[in-house]
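Residue numbering for the sequence shown follows the numbering used here, beginning at 43 and increasing consecutively.
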Amino acid sequence: MTRSVLLVEDSDADSEATIRALGKCATPPAVHRCADGDEALAYLRQRAGAAEDGGHPSVVLLDLNMPGTDGRDVLEQIKADDQLKHIPVVIMTTSADRTDVTFCYRHGASGFMTKPLDLEQFAAAVRDFHAYWFRAVVLPDAGGREGC
Numbered sequence: 043m044t045r046s047v048l049l050v051e052d053s054d055a056d057s058e059a060t061i062r063a064l065g066k067c068a069t070p071p072a073v074h075r076c077a078d079g080d081e082a083l084a085y086l087r088q089r090a091g092a093a094e095d096g097g098h099p100s101v102v103l104l105d106l107n108m109p110g111t112d113g114r115d116v117l118e119q120i121k122a123d124d125q126l127k128h129i130p131v132v133i134m135t136t137s138a139d140r141t142d143v144t145f146c147y148r149h150g151a152s153g154f155m156t157k158p159l160d161l162e163q164f165a166a167a168v169r170d171f172h173a174y175w176f177r178a179v180v181l182p183d184a185g186g187r188e189g190c
């Protein structure tokens with residue numbers, strides 16, 4: 043199975059740093075970036091049931107604070123959709139606010155990471171994300187039809 047990440051991030055700099063760090067992993071996943079929440083939801087819904095071309099991403103890496111449809115709304119909509127709710131959603135944001143952390147876990151987030159400001163620490167956090175989600179755990183298939 044091809045491993046993939048849907049990166050939902052409005053910051054070009056953070057997107058580039060994330061993609062670069064994932065690319066340096068021993069088994070880098072395919073990465074698709076959406077710059078806002080509306081684009082991410084459209085992408086996910088378009089791919090619903092598209093197992094022949096890889097289906098859904100293995101995991102969504104989601105920023106919270108974006109213009110328009112923010113990460114909180116994206117998380118709620120993913121987890122409310124029967125065709126999407128099986129996809130793990132990991133929050134990666136600058137916020138360490140306990141209200142945000144609690145909200146995200148209550149609404150189905152699979153993890154919550156605070157973005158380090160230091161570039162080396164940021165890359166290390168992304169590598170830790172990769173090690174956990176692509177080496178340590180078993181993920182549902184991309185089409186979401188088996189073993190959730």
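Cβ coordinates follow ideal geometry from the N, Cα and C atoms, glycine included. No experiment lies behind these values; they were computed from the predicted model shown.
CB-CB length for Arg-114 against Leu-103, believed under 8 Å: Translated into positions along the sequence shown, residue 114 becomes position 72. Translated into positions along the sequence shown, residue 103 becomes position 61. The beta-carbon separation of Arg-114 and Leu-103, rounded to 15 Å, does not stay under the 8 Å limit for a contact.
Bridge-paired residues (DSSP) for Cys-76: Walking along the sequence shown from the start, residue 76 turns up at place 34. Beta-bridge annotation (DSSP): Cys-76 is paired with Val-50.
Candidates Ala-63, Ser-100, Val-73, Arg-89: closest to Trp-175 by CA position: Locating residue 175 in the sequence shown gives position 133, counting from the first residue. For the set Ala-63, Ser-100, Val-73, Arg-89, the Cα lying nearest the Cα of Trp-175 is the one of Ser-100.
Three-state secondary structure assigned by DSSP to Val-168: The sequence position of residue 168 within the sequence shown is 126, counting from 1. If DSSP states are grouped into helix, strand and coil, Val-168 belongs with the helices.
Closest by C-alpha distance to Gly-44, when choosing among Gly-97, Asp-52, Leu-86, Ala-82: Against the sequence shown, residue 44 aligns to sequence position 2. The displayed chain sequence assigns Thr, not Gly, to residue 44. Nearest C-alpha to Thr-44: Gly-97.
Ile-129 versus Ala-173, Thr-156, Ser-152, residue with shortest Cα-Cα distance: The sequence position of residue 129 within the sequence shown is 87, counting from 1. The candidate whose alpha carbon is nearest that of Ile-129 is Ser-152.
Spatially closest choice to Arg-75 from Arg-87, Leu-159, Glu-51, Ala-84, by CA coordinates: For this step, residue 75 is matched to residue 33 along the sequence shown. If we check each option's Cα against that of Arg-75, Glu-51 comes out closest.
Cutoff 7 Å; reference Pro-109; Cβ partners in own chain excluding five residues on either side: The count along the sequence shown starts at 1 and reaches residue 109 at position 67. Closer than 7 Å at the Cβ level, and outside the excluded window around Pro-109, lie Asp-52, Asp-78.
Where Thr-142 falls, given that 16 or more other Cβ within 10 Å makes a residue buried: In the sequence shown, residue 142 corresponds to position 100, counting from 1. According to the sequence provided, residue 142 is Asp. The question's Thr does not apply to it. Buried: at least 16 other Cβ atoms inside 10 Å.
Leu-83 and His-172 closer than 9 Å at C-beta: Translated into positions along the sequence shown, residue 83 becomes position 41. Translated into positions along the sequence shown, residue 172 becomes position 130. Taking a C-beta distance under 9 Å as the contact criterion, Leu-83 and His-172 do not qualify as a contact pair.
Inter-residue CB distance, Ser-4 and Leu-48 (contact presumed, cutoff 8 Å): With the chain covering only 43 through 190, there is no way to say anything about residue 4.
Residue range of the beta strand (DSSP E) that includes Ile-133: In the sequence shown, the residue the question calls residue 133 occupies position 91. For Ile-133, the enclosing beta strand (DSSP E) stretches over residues 131-135.
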